[in-house]
Amino acid sequence: MMPVIQVCIGLGANLGDAADTLRKAVEALDHREGITVREVSRFYRTPAWGREDQPDFINAVALLETSLTPRALLERLLAVETEFGRHRPDGERWGPRTLDLDLLLYGDAVIDEPGLRVPHPHLHERAFALVPLLDVLPEARIPGYGAARDAVSVLEMSNIRPL
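Its first residue numbered 227, the sequence shown is counted upward by one per residue in my numbering.
The following block contains the structure:
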């Protein structure tokens with residue numbers, strides 16, 4: 227039996243009614259065996275990152291407790307994305323999406339396996355993930371980087387707007 231671990235998941239969408247999709251995705255996660263949603267951040271409107279020729283994103287972070295292994299949790303996240311119409315075309319990165327669920331933090335674990343990296347490898351440089359992370363976990367620490375508050379303090383945040 228796995229111990230219960232505190233986990234942070236990034237949620238994002240920019241197709242359809244993105245805010246409604248995020249609310250429904252949180253409900254779907256909370257109904258999965260081995261996952262309990264403890265808190266959800268405010269929702270934020272943010273410009274697209276990486277590929278800017280697309281609609282703004284709605285982003286949030288959910289604080290979860292899970293008894294699942296990191297790999298099993300990732301599989302559940304990918305299944306929820308698929309249920310919400312997410313398709314991952316080969317080779318496409320940072321494109322528009324109905325739902326994106328990212329495993330940001332899994333306790334204080336550092337994991338580097340094919341297809342699974344925790345903490346999320348870009349977390350420390352993405353204000354659109356750090357701002358909502360601090361909503362649910364104000365003292366969050368990013369293993370290998372330090373306090374999330376310190377990481378966000380050096381990033382541009384003027385284009386991140388709460389809904």
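Ideal Cβ positions, reconstructed from N, Cα and C, are used throughout, including at glycine. Note that the structure is a prediction, hence the values are computed from the model and not measured.
| query | Considering only C-alpha positions, which residue in the set 342, 343, 371 is nearest to residue 356? | reply | Position 130 of the sequence shown, counted from the first residue, corresponds to residue 356. Of the listed residues, the one whose Cα sits closest to residue 356 is 371.
| request: Would you kindly work out how many angstroms separate the C-alpha atoms of residue 363 and residue 279, rounded to a whole number? | output: One-based indexing of the sequence shown puts residue 363 at position 137. One-based indexing of the sequence shown puts residue 279 at position 53. Looking at the two C-alpha atoms, the distance is approximately 32 Å.
| request: Please go through the region 254 to 327 and give each complete alpha helix (DSSP H) segment of 4 or more residues, from N-terminal end onward. | output: 296 to 309, all fully within the region 254 to 327.
| Is residue 375 helix, strand or coil when you go by DSSP? | Here residue 375 is taken as the residue at index 149 of the sequence shown, counted from 1. Three-state DSSP puts residue 375 in a helix.
| task | Determine the DSSP secondary structure at residue 239, reduced to helix, strand or coil. | result | As a working mapping, residue 239 is identified with position 13 in the sequence shown. Strand, per DSSP.
| From residue 230 to residue 293, what does the alpha carbon distance come to, in whole angstroms? | For the purposes of this step, residue 230 is identified with residue 4 of the sequence shown, where counting begins at 1. For the purposes of this step, residue 293 is identified with residue 67 of the sequence shown, where counting begins at 1. Per the coordinates, the alpha-carbon of residue 230 lies some 5 Å from the alpha-carbon of residue 293.
| Do you know whose CA, among 351, 384, 261, lies nearest residue 298's CA? | Here residue 298 corresponds to residue number 72 of the sequence shown, with the count starting at 1. It is 261 whose Cα lies nearest to the Cα of residue 298.
| request: Figure out for me which residue from 232, 255, 385 has the closest Cα to the Cα of residue 301. | output: In the sequence shown, the residue the question calls residue 301 occupies position 75. Of 232, 255, 385, the residue nearest in Cα terms is 255.
| request: Closer than 6 Å by C-beta to residue 267: which residues in its own chain qualify, once you throw out the five before and the five after it? Chain order, please. | output: Within the sequence shown, residue 267 is the residue found at index 41, counting from 1. Cβ neighbours of residue 267 beyond the five flanking positions: 286, 287, 358, 361, 362.
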